[in-house]
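Visitor: Below is one structure. I have some questions about it.
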Amino acid sequence: MQFFVSTVVFKDEGVRYHEHDFLGTTLWSTDTNGNLVKDYQDTTIFGEGSIQKDRSARFTGKPYDEDLQAYVFPYRNYDASTARWRASDTAGYSGGPNQHFYAGTPTLGLDILGTLYCYYHDGNEIITIQMSIILLMDR
Numbered sequence: 226m227q228f229f230v231s232t233v234v235f236k237d238e239g240v241r242y243h244e245h246d247f248l249g250t251t252l253w254s255t256d257t258n259g260n261l262v263k264d265y266q267d268t269t270i271f272g273e274g275s276i277q278k279d280r281s282a283r284f285t286g287k288p289y290d291e292d293l294q295a296y297v298f299p300y301r302n303y304d305a306s307t308a309r310w311r312a313s314d315t316a317g318y319s320g321g322p323n324q325h326f327y328a329g330t331p332t333l334g335l336d337i338l339g340t341l342y343c344y345y346h347d348g349n350e351i352i353t354i355q356m357s358i359i360l361l362m363d364r
């Protein structure tokens, strides 16, 4: 079972809550009173229209940089067109055959900072560790 929590963003205009779908894609933003501030959808229920009219906060609520053509996370950038990180895992741990993937199954979790390490054990159990927290604890 998955639980989804709104991503909270602090802007000059005030606090914004990004509501997202089951994939973590931002659909719209509301203010603290629940009023719609921005709608990121520009398609009909049948998928007609442009995919995104504003990509500034689409993929997991992270800003999209037009110059980089990637979503900017604190530790590395994500290229949604190739479904890969632009750099390997910054924590320095091997992540299997390819350290550039966002996740083996992106719908099972989020990588807010771009540093989540996933370890698959016995093919059944998935153990995830937030590496940035562990690195801080080791100091």
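In the numbering used here, the protein residues as written are 226 to 364. Positions of the beta carbon are idealized from the N, C-alpha and C atoms, including for glycine.
To the nearest angstrom, report how far apart K263 and A312 are at their CA atoms.
Guide: 31 Å
Visitor: Can you tell me whether DSSP reads R311 as helix, strand or coil?
Guide: coil
Visitor: Just the C-alpha distance for A204 and N260, rounded to the nearest angstrom, thanks.
Guide: Nothing about residue 204 can be read from this structure; the chain reaches only from 226 to 364.
Visitor: Could you tell me which residues DSSP pairs with A295 in its beta bridges?
Guide: D290
Visitor: Over the uninterrupted beta strand (DSSP E) stretch that includes S254, give me the two end residues.
Guide: Looking at the DSSP string, the run of the beta strand (DSSP E) that includes S254 is T251 to T255.
Visitor: Among the residues of its own chain, which have a CB less than 8 Å from the CB of E244, if the five just before and after it don't count?
Guide: S231, T251, L252, W253, S254 and T255
Visitor: Hey, could you find the ends of the beta strand (DSSP E) R241 is sitting in?
Guide: G239 to H245
Visitor: Measuring only the C-alpha atoms, how far is S306 from F298?
Guide: 16 Å
Visitor: For N258, which of helix, strand or coil comes out of DSSP?
Guide: coil
Visitor: Measuring only the C-alpha atoms, how far is Y303 from E238?
Guide: 27 Å
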